[in-house]
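Data block below; observations after.
Protein chains: 2
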Amino acid sequence: MTAPEPTRYAGSLAFLLSQVGAHCAHVFAERLRPLGVTPRAFGLMSNLANGGNHTQQSLADLLGIHRNIMVGLVDALERVGWVRRERSQRDRRAFEIRLTPAGSKIVTQVNELVDDIDEEIAAGLSGAERQALASLLVTLAQRASLVPGVHPHLRGLTP
Amino acid sequence: MTAPEPTRYAGSLAFLLSQVGAHCAHVFAERLRPLGVTPRAFGLMSNLANGGNHTQQSLADLLGIHRNIMVGLVDALERVGWVRRERSQRDRRAFEIRLTPAGSKIVTQVNELVDDIDEEIAAGLSGAERQALASLLVTLAQRASLVPGVHPHLRGLTP
DNA sequence: ATGTGATTATCACCCTACATGACAATCACT
DNA sequence: AGTGATTGTCATGTAGGGTGATAATCACAT
Chain A
86 MTAPEPTRYA GSLAFLLSQV GAHCAHVFAE RLRPLGVTPR AFGLMSNLAN
136 GGNHTQQSLA DLLGIHRNIM VGLVDALERV GWVRRERSQR DRRAFEIRLT
186 PAGSKIVTQV NELVDDIDEE IAAGLSGAER QALASLLVTL AQRASLVPGV
236 HPHLRGLTP
Chain B
86 MTAPEPTRYA GSLAFLLSQV GAHCAHVFAE RLRPLGVTPR AFGLMSNLAN
136 GGNHTQQSLA DLLGIHRNIM VGLVDALERV GWVRRERSQR DRRAFEIRLT
186 PAGSKIVTQV NELVDDIDEE IAAGLSGAER QALASLLVTL AQRASLVPGV
236 HPHLRGLTP
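Protein chains in written order, with our numbering: chain A, 86 to 244; chain B, 86 to 244.
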């Protein structure tokens, strides 16, 4: 009765990328969940782990999310003890966000998890194919002016 | 001051796929917006255009969304005249959803638009590269048991 | 020094989308 | 005729982000 014939758009590059991408994001979030980490929180902490001084505002700019939302995000991370707010000495309006040792450990754990996830997702591909795929994706990302490490989902309309 | 060095996960396949995929979904939605069509509505109408008899329930199963949500979706599509509800003769509880001529025209328009979007997204790739990318993505999709034409975002938890 | 406007973080409110559970109508099966 | 399942609808609740206002501080001009 219901026609199982796939619709026309199903083979388009845009749809395939979107479909596989959404699945990857889902897997990513699911694998992180047992650690109590959301993808967004990981994105934040990973940037902190890279060094440099970050205020809430600079993090919001970096990740492309609104500062109002950053409040709750940092609140949650501070509550579980992965991050600390410290008054900036140069600008006493601002908080400097610092990773705690516990937060640093989580970042390391998730980084290892990412390797597992890649292995899981690309299980059907040879090493050469994986490299080719990554290369093609990077080309597309650059062409679309996507910032490395910044997920578009986080990017609201930040004027 | 903020370190522009990309974080480690930025080069992982899972992240790249998710990142590029989210961007494609965004472009897709944006290009459809002027027509007044949401991706979800297009998915529904495209399945109708493929023929066969569809009730709200069968469409909900097909797209992986909850039947309660299908109510509002069909309401909206009926309101703009792209779809019609007709009582099924075999099961008078159910509505058969039919594409109107206007709806059929929209599907044709969007299908052409999808070709444009592919062209836009894959602008930096040669024909051979596009084909290779599509092939790799299909492999991943099959390996992940993704149903052709069904976007995971629509799939809630439909037990 | 002082006043003016911008920046930072926070808060309170709204609005949308989805999930959930209850409901009437109809069906399938006994 | 009776029982349970299915279909569509509706009325909730809830989680999430968007928006605007606010207090504190800064930067800059006078």
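Every residue gets a Cβ at the ideal spot worked out from N, C-alpha and C, and that includes glycine.
The closest CA to that of A/Ser189, considering only A/Ala207, A/Asp200, A/Ala226, A/Trp167, is found on A/Trp167. Taking 8 Å as the Cβ-Cβ cut-off, the segment 196-228 of chain B approaches chain A at Asn196, Val199, Asp200, Ile202, Asp203, Ile206, Ala207, Ala208, Gly209, Leu210, Glu214, Arg215, Ala217, Leu218, Ala219, Leu221, Leu222, Val223, Thr224, Leu225, Ala226, Gln227, Arg228, given in chain order. At a cut-off of 8 Å, the C-beta of B/Ser97 has a neighbouring C-beta in chain A. By the Cβ rule, the segment 187-203 of chain B counts as touching the segment 90-97 of chain A, because three or more pairs are nearer than 8 Å. Not a single CB atom of chain A sits nearer than 8 Å to the CB of B/Pro119. In the three-state scheme derived from DSSP, where H, G and I count as helix and E and B as strand, A/Arg93 is classed as helix. Per DSSP, the beta-bridge partners of B/Glu181 are B/Thr140, B/Glu171.
Remark: three or more beta-carbon pairs, one from each stretch, lie closer than 8 Å, so the segment 129-141 of chain A and the segment 151-171 of chain A are flagged as touching. Think of a sphere of 8 Å around the beta carbon of A/Phe113: the chain B residues whose beta carbon falls inside it are Ala99, Phe100, Ser103, in chain order.
Pairing B/His108 with A/Ala229 gives a Cβ-Cβ distance under 8 Å. Judged by DSSP in its simplified three-state form, B/Asn196 adopts helix. Collapsing the DSSP output to three states places B/Pro124 in a helix. B/Gly106 is a Cβ neighbour of A/Gly106, given a cutoff of 8 Å. Proximity of A/His151 to chain B, defined by a Cβ-Cβ separation below 8 Å, is not satisfied.
Contact of A/Ala179 with chain B is not assigned, every C-beta pair being separated by 8 Å or more. Taking the beta carbon of A/Ser131 as reference, the chain B residues within 8 Å of it are Thr92, Arg93, Tyr94, listed in sequence order.
Between B/Leu222 and A/Leu101, the beta carbon gap of about 4 Å places them in contact (Cβ cut-off 8 Å). For the pair A/Arg172 and A/Ala179, the Cα-to-Cα distance works out to about 6 Å. For A/Pro186, no CB of chain B lies under 8 Å from its own CB, so it is not counted at the interface with that chain.
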